[in-house]
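Visitor: Structure provided below as structure tokens; questions to follow.
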Amino acid sequence: MKLNRPAAWLLIALILAAGVVTAMPGASYSHQDRESTLAGASTQHPAGTDALGRDRLVRVSAALLLSLAGALAASIVTTAAAAGVGTLAAFGPSSFGWTAMLVCDAFLALPWLFLLMMIRSALPLTTSPASSAAITFLVLAALGWPACARAVYRGTLSLKDSEWLLYARAEGLRRGQIVRSVIPNLIPLLVPQFLICVPAFVIAEANLGALGLGIGEPLPSWGGMLLELDNSAMLIETGWVYFPVALLVVILLLLEAATVEA
Amino acid sequence: MKTMRQAAALVKGLARMLAILLLVLLGSTVLVRFAPGYLSDAREMDSRYAGAARAELSAEAARSQSLAQMFASEIGGWARGDAGLSRQYGVPVFELIRPRLAVTGGLLLRSLVLAWVLAIVASLVSSAGRNPSLFWQTPATLLLAVPTAAMATLCLLANYGGPALVMALLLAARDFKFLHRTLRKAWLDPHVLQARAQGIATPRLLLKHILPGIASQLAALASLSMVTALSALVPVEVIFNVPGLGQLAWNAAMNRDLPVLLAITMIMALAVTCAGIAPDRPAELESA
């Protein structure tokens, strides 16, 4: 049974719903309703409030939009960087190709989370929430390209040996023209790499945030909301604390289902 | 002749590993030194410790003026066997790391063994069946969609399972996906079909015909499992309060103890390169 279409539509519906919730008049992810902290579901707060009285539904919606937008932007940067490095490494001098792959190996030898932690902890103490969000996704993009670049390098090398490229070279096409004609042929390789990066970056941001090293408060993030689960007082007060993690799992499942065919 | 070739390949592999480690050390040092917050300390915000912190930071600024000097001092620290001095505790970094190595090593070993047993059993059963059943695919997909930190927190709240189980489930789900695909392909290889048609018993078929054919992919997957396990270490150790390297790294990150973080990152890079992640891997594993 093919699930990719319904999953994609459901994902789009959720994104639209999140957009509507955050755009509603009076909806603010940072507004604190001190009269109703840790509240359950009500007409005013359909998914309750957190320990500071902030509306959970608005925060979850904003986190969804922020994490998806950030992950998409980071995936675009990663895929473009990987396409550039992989193609140049394959078509450049062999010493450049060797060095580029050695750098890729050096990146691949480092588990992501450690590098992310190192970079995040080396930021100034006064980093603003918006900057922390931008830096988190920028760092994810900067660390995500090597695996993709290796795949592009391999793909380009195999294309380099293909008959049509040999013919193009024999016809006297310059290197720049050849590279330009190769790039469209790499799209079937780049699209899956791009689609793999999106959920990977969403998960990485959530894990980093859950360790207190992700997007700074008051900006909402999946990781920040996972931290609520550490608060036993909240868990006793309301079951809505589990709502963000449940929605995050649903989003990741939908992303997986929507992209599986690619 | 064959021995000579093997020795040359070994030397080449070791040289590449050393080059990667030096590159990692150089890259990490540059990254840390030029990070905008390198010469800042959380203690500066507390009036009781601000004076001492500022004095330490100005000494650090003097020490780290030249990048070459800083890089040489890093290598010197590793050569002396102390990996520098912790900013937070003021003791040699290796004194902090040494007692935690066994804890993390034990956790990694238990998780990897459990994960591989689970993944191999599940993929053998699922790949040998007629249809790739949702019965096996669904839990694997679901497990992959739960961030490690969330899974660990939920296990802790439910008072069920421990750090090894959380890591094993995460690794098993990931390994199962690749193993299932690889085995499914292997079962349909012409020589395997021929062997099945001749009535060769399944255990013999697996040991003699299928496993040798996919051995290189299994080795690549094993090294990839190591990277995944190392990445999962931090949230799992922090949430379950396991006194291992992951928890030390998190503590160092929260307190901006960059020498400790740098040393742990180097150990992780060493573990990954030793596990053989740096050499060529099958293309289908690159995206993992």
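The listed protein sequences derive, respectively, from chains A and B. Using my numbering, read the first sequence as starting at 4 and increasing by one per residue. Using my numbering, read the second sequence as starting at 2 and increasing by one per residue. All residues carry an ideal CB built from backbone N, CA and C; glycine is no exception.
Runs of 4 residues minimum, wholly inside the stretch 102-169 of chain A: which ones carry the alpha helix (DSSP H) assignment?
Guide: Counting only runs of 4 or more, we get 115-124 and 132-163.
Visitor: Please list the residues of the stretch 121-155 of chain A that have a C-beta atom closer than 9 Å to any C-beta atom in chain B, keeping them in chain order.
Guide: So the close ones are M121, I122, R123, S124, A125, L126, P127, L128, T129, T130, A150, C151, R153 and A154.
Visitor: Output, in chain order, the set of chain A residues within a Cβ distance shorter than 8 Å of M255(B).
Guide: To locate residue 255(B), count along the second sequence from 1; it is residue 254. Within 8 Å Cβ-Cβ: S124, G215 and L216.
Visitor: At a cut-off of 6 Å, is V239(B) close to the ligand FAD when judged by its beta-carbon and the heavy atoms of the ligand?
Guide: This structure simply doesn't include the ligand FAD, nor any ligand for that matter.
Visitor: List the DSSP bridge partners of T274(B).
Guide: Counting from 1 along the second sequence, the entry for residue 274(B) is found at position 273. BP columns for T274(B) are empty, so no partner.
Visitor: Closer than 8 Å, Cβ to any Cβ of chain B: which residues of the stretch 97-109 of chain A, in chain order?
Guide: Answer set for the stretch 97-109 of chain A: L105, V106, D108 and A109.
Visitor: Hey, quick one: how far does the alpha helix (DSSP H) through P213(B) stretch, first residue to last?
Guide: Along the second sequence, read from residue 1 onward, the residue named residue 213(B) stands at position 212. It spans L212 to I240 - the alpha helix (DSSP H) in which P213(B) sits, taken as one unbroken run.
Visitor: Here's a check: name, in chain order, each residue in its chain whose Cβ is nearer than 7 Å to the Cβ of A129(B), leaving out the five neighbours to either side.
Guide: One-based indexing of the second sequence puts residue 129(B) at position 128. Only W188 meet the Cβ criterion.
Visitor: By DSSP, does L1(B) sit in helix, in strand, or in coil?
Guide: Limits of chain B in this structure are 2 at one end and 289 at the other, which puts residue 1(B) out of reach.
Visitor: Are any of the Cβ atoms in chain A nearer than 7 Å to that of V147(B)?
Guide: For the purposes of this step, residue 147(B) is taken as residue 146 along the second sequence, with counting starting at 1. Interface residue, yes.
Visitor: Taking its Cβ as the centre, do 16 or more other Cβ atoms sit within 10 Å of V155(A), making it buried, or is it exposed?
Guide: The count along the first sequence starts at 1 and reaches residue 155(A) at position 152. The residue is buried, with at least 16 neighbouring Cβ atoms inside 10 Å.
Visitor: In angstroms, rounded to a whole number, what distance separates the CA positions of A221(B) and A116(B)?
Guide: Counted from its first residue, the second sequence places residue 221(B) at position 220. Counted from its first residue, the second sequence places residue 116(B) at position 115. When rounded, the distance between both Cα atoms is 15 Å.
Visitor: If you reduce the DSSP assignment to three classes, tell me which class D58(A) lands in.
Guide: Residue mapping note: residue 58(A) aligns to position 55 of the first sequence, counting from 1. It is a strand residue.
Visitor: With a threshold of 16 other CB atoms inside 10 Å of the CB of D281(B), please say whether the residue is buried or exposed.
Guide: Stepping through the second sequence from its first residue, residue 281(B) is reached at position 280. Residue confidence is low: D281(B) scores 48 on pLDDT, short of 50, so the model does not pin down where it sits. Its coordinate-derived value is still stated next. D281(B) comes out exposed.
Visitor: Check T40(A) in the structure and name its three-state DSSP category.
Guide: Position 37 of the first sequence, counted from the first residue, corresponds to residue 40(A). DSSP places T40(A) in coil when its eight states are reduced to three.
Visitor: What did DSSP end up calling A8(B) once you bin it into helix, strand or coil?
Guide: Translated into positions along the second sequence, residue 8(B) becomes position 7. A8(B) falls in the helix class under three-state DSSP.
Visitor: For I218(A) and A136(A), which I take to be in contact (beta-carbon distance under 8 Å), what is that distance rounded to the nearest angstrom?
Guide: Locating residue 218(A) in the first sequence gives position 215, where the first residue counts as 1. Locating residue 136(A) in the first sequence gives position 133, where the first residue counts as 1. Yes, I218(A) and A136(A) are in contact; Cβ-Cβ is about 4 Å, under 8 Å.
Visitor: For A52(A), write down the residues that DSSP places opposite it in a beta bridge.
Guide: To locate residue 52(A), count along the first sequence from 1; it is residue 49. For the record, residue 52(A) in the displayed sequence is Thr; it is not Ala. According to DSSP, which records beta bridges pairwise, T52(A) is partnered with D58(A).
Visitor: Quick check on the burial criterion: 16 or more other C-beta atoms within 10 angstroms. Buried or exposed for P96(A)?
Guide: Locating residue 96(A) in the first sequence gives position 93, counting from the first residue. By the 10 Å Cβ count, P96(A) comes out exposed.
Visitor: Go ahead and pull the three-state DSSP assignment for P28(A).
Guide: Residue mapping note: residue 28(A) aligns to position 25 of the first sequence, counting from 1. DSSP places P28(A) in coil when its eight states are reduced to three.
Visitor: Could you name the residues that DSSP lists as bridge partners for P93(B)?
Guide: Position 92 of the second sequence holds residue 93(B). According to DSSP, which records beta bridges pairwise, P93(B) is partnered with L86(B).
Visitor: Give a yes or no on whether the C-beta atoms belonging to A86(A) and A103(A) are separated by under 7 Å.
Guide: Position 83 of the first sequence, counted from the start, is the residue given in the question as residue 86(A). Position 100 of the first sequence, counted from the start, is the residue given in the question as residue 103(A). No, the Cβ-Cβ distance between A86(A) and A103(A) is not below 7 Å.
Visitor: Would you mind reading off the limits of the alpha helix (DSSP H) that contains Q196(A)?
Guide: Along the first sequence, one-based indexing puts residue 196(A) at 193. Here the alpha helix (DSSP H) through Q196(A) covers R178 to A213.
Visitor: Is the Cβ of W79(B) closer than 7 Å to any Cβ of chain A?
Guide: Here the question's residue 79(B) lines up with position 78 in the second sequence. No, W79(B) does not count as interfacial toward chain A.
Visitor: Which residues in the same chain as A270(B) place their Cβ atom closer than 7 Å to its Cβ, once the five residues preceding and following it in sequence are excluded?
Guide: Mapped onto the second sequence, residue 270(B) falls at position 269. Once the five neighbours on either side are set aside, the close Cβ partners of A270(B) are L22 and V25.
Visitor: Alpha carbon to alpha carbon, what distance is there between A260(A) and A16(A)?
Guide: For the purposes of this step, residue 16(A) is taken as residue 13 along the first sequence, with counting starting at 1. For the purposes of this step, residue 260(A) is taken as residue 257 along the first sequence, with counting starting at 1. In a straight line, the C-alpha of A16(A) is about 15 Å away from that of A260(A).
Visitor: Counting only Cβ-Cβ distances shorter than 7 Å, please list the residues of the stretch 228-242 of chain B near chain A, keeping chain order.
Guide: Listed by position, the residues of the stretch 228-242 of chain B near chain A (Cβ gap below 7 Å) are V228, L231, S232, V235, P236 and V239.
Visitor: Between which two residues does the alpha helix (DSSP H) holding Q263(A) run?
Guide: The residue you call residue 263(A) lines up with position 260 of the first sequence. It is worth fixing the name first, because residue 263(A) is Val in this sequence and not Gln. Neither: V263(A) is in no alpha helix (DSSP H) and is coded neither H nor E.
Visitor: Between which two residues does the alpha helix (DSSP H) carrying E75(B) extend?
Guide: Position 74 of the second sequence holds residue 75(B). Taken as a continuous stretch (DSSP letters only), the alpha helix (DSSP H) holding E75(B) covers L68 to R81.
Visitor: Look at V33(B) and A125(A) and say whether their C-beta atoms are less than 7 Å apart.
Guide: Position 32 of the second sequence, counted from the first residue, corresponds to residue 33(B). Position 122 of the first sequence, counted from the first residue, corresponds to residue 125(A). Their beta carbons are under 7 Å apart, which means V33(B) touches A125(A) by this criterion.
Visitor: Tell me whether M27(A) is buried or exposed, calling it buried when 16 or more other Cβ atoms sit within 10 Å of its Cβ.
Guide: Within the first sequence, numbered from 1, the residue matching residue 27(A) stands at position 24. Counting Cβ neighbours within 10 Å, M27(A) comes out exposed, since fewer than 16 surround it.
Visitor: Here's the rule: buried if 16 or more other CB atoms are within 10 angstroms of the residue's CB, otherwise exposed. What is M228(A)?
Guide: Position 225 of the first sequence, counting from 1, holds the residue named residue 228(A). The residue is buried, with at least 16 neighbouring Cβ atoms inside 10 Å.
Visitor: At 7 Å on the CB atoms, spell out the chain A contacts of T290(B), in chain order.
Guide: With chain B covering only 2 through 289, there is no way to say anything about residue 290(B).
Visitor: Taking DSSP as the reference, what is the three-state secondary structure of L189(B)?
Guide: Position 188 of the second sequence, counted from the start, is the residue given in the question as residue 189(B). Note: L189(B) maps to coil in three-state DSSP.
Visitor: Give a yes or no on contact between the stretch 198-206 of chain A and the stretch 21-41 of chain A, applying the rule of three or more CB pairs nearer than 8 Å.
Guide: No: the two stretches stay apart, fewer than three of their Cβ pairs being nearer than 8 Å.
Visitor: Taking the alpha-carbon positions, what's the A272(B) to A50(A) distance?
Guide: Numbered from its first residue, the second sequence carries residue 272(B) at position 271. Numbered from its first residue, the first sequence carries residue 50(A) at position 47. Their backbone Cα atoms lie some 45 Å apart in a straight line.
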